Amino acid sequence: MAGYRKLGRTSSQRKALLRNQVTNLLYNGKIVTTEAKAKEIRRMAESLIALAVREKDNFETVTVTAKVARKDKDGKRVKEVVDGKKVTVYDEVQKEIKKDNASRLHARRQMMKTLYTVKEVPAENAGKKRNTKVVDMTQKLFDEIAPKYADRNGGYTRIVKIGPRKGDAAMEVLIELV
């Protein structure tokens with residue numbers, strides 16, 4: 001007996017389907033799907049959330065000095081002439097960054113194996129590439145989802161039966177983050 005549901009698909013199709021569904025569940029908070037898919041999605045999503053909860057505070061805050069190009073009021077780089085050549089002017093800026101410890105970095109890479117990247121498109125620019133933002137799902141897991149479930153021991157998702165689907169009478173369910 002297999003340790004997972006095959007969902008009537010080849011292994012590559014099944015993996016892509018489940019990765020897509022898990023990414024959408026974590027991004028949107030809830031999705032509607034069939035019961036068999038929801039039970040597989042729950043397995044993957046709960047393990048990712050448990051990993052994020054375990055590693056959520058495992059980082060160091062480090063101050064670094066970075067060189068940033070000086071810009072004028074139009075947003076263009078400021079250039080000055082040095083020895084007959086135009087050279088961009090740079091300023092040194094202090095930045096605080098989060099540096100992952102080894103186990104958190106490993107957890108982040110494990111999550112990236114499962115999750116797809118999400119592109120957020122503003123409503124006024126629907127269908128256009130301009131102003132799209134790439135959402136880092138691993139960062140969302142660590143910063144937003146993990147603190148919400150820090151005091152909870154598992155059971156991060158809920159499956160609610162909706163009823164049979166009209167086309168093929170498959171049981172539809174709503175899977176959501178608790």
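With UniProt numbering, letter number 151 in the sequence shown gets 151, and the count goes up by one each step, no holes. Every residue, glycine too, gets a C-beta built ideally from N, C-alpha and C. No experiment lies behind these values; they were computed from the predicted model shown.
Asked                                                                                                                                                                 : Found
Rank Y4, A146, N131 and M171 by C-alpha distance to the C-alpha of M137 and give the top, closest one.                                                                : A146
Could you tell me the alpha carbon to alpha carbon distance between Y90 and K67, rounded to whole angstroms?                                                          : 6 Å
In the DSSP assignment, the beta strand (DSSP E) including A169 goes from what residue to what residue?                                                               : Neither: A169 is in no beta strand (DSSP E) and is coded neither H nor E.
For V53, count neighbouring C-beta atoms within 10 Å of its own C-beta (all shown protein chains included) and say buried if the count is 16 or more, exposed if not. : buried
Excluding the 5 residues flanking K37 on each side, which residues of the same chain have their C-beta closer than 7 Å to its C-beta?                                 : L7 and Q21
Out of curiosity, what's the CA-to-CA distance linking D72 and V82?                                                                                                   : 19 Å
Assuming K133 and E120 make a contact with CB atoms under 8 Å, what is their CB distance in whole Å?                                                                  : 5 Å
What is the DSSP secondary structure of A126, counted as helix, strand or coil?                                                                                       : coil
Which two residues bound the contiguous alpha helix (DSSP H) that contains A16?                                                                                       : S11 to N28
Looking only at its own chain, which residues have a Cβ that is under 8 Å from the Cβ of A150, when we skip the five neighbours before and after it?                  : V53 and K56
According to DSSP, is R77 part of a helix, a strand, or is it coil?                                                                                                   : strand
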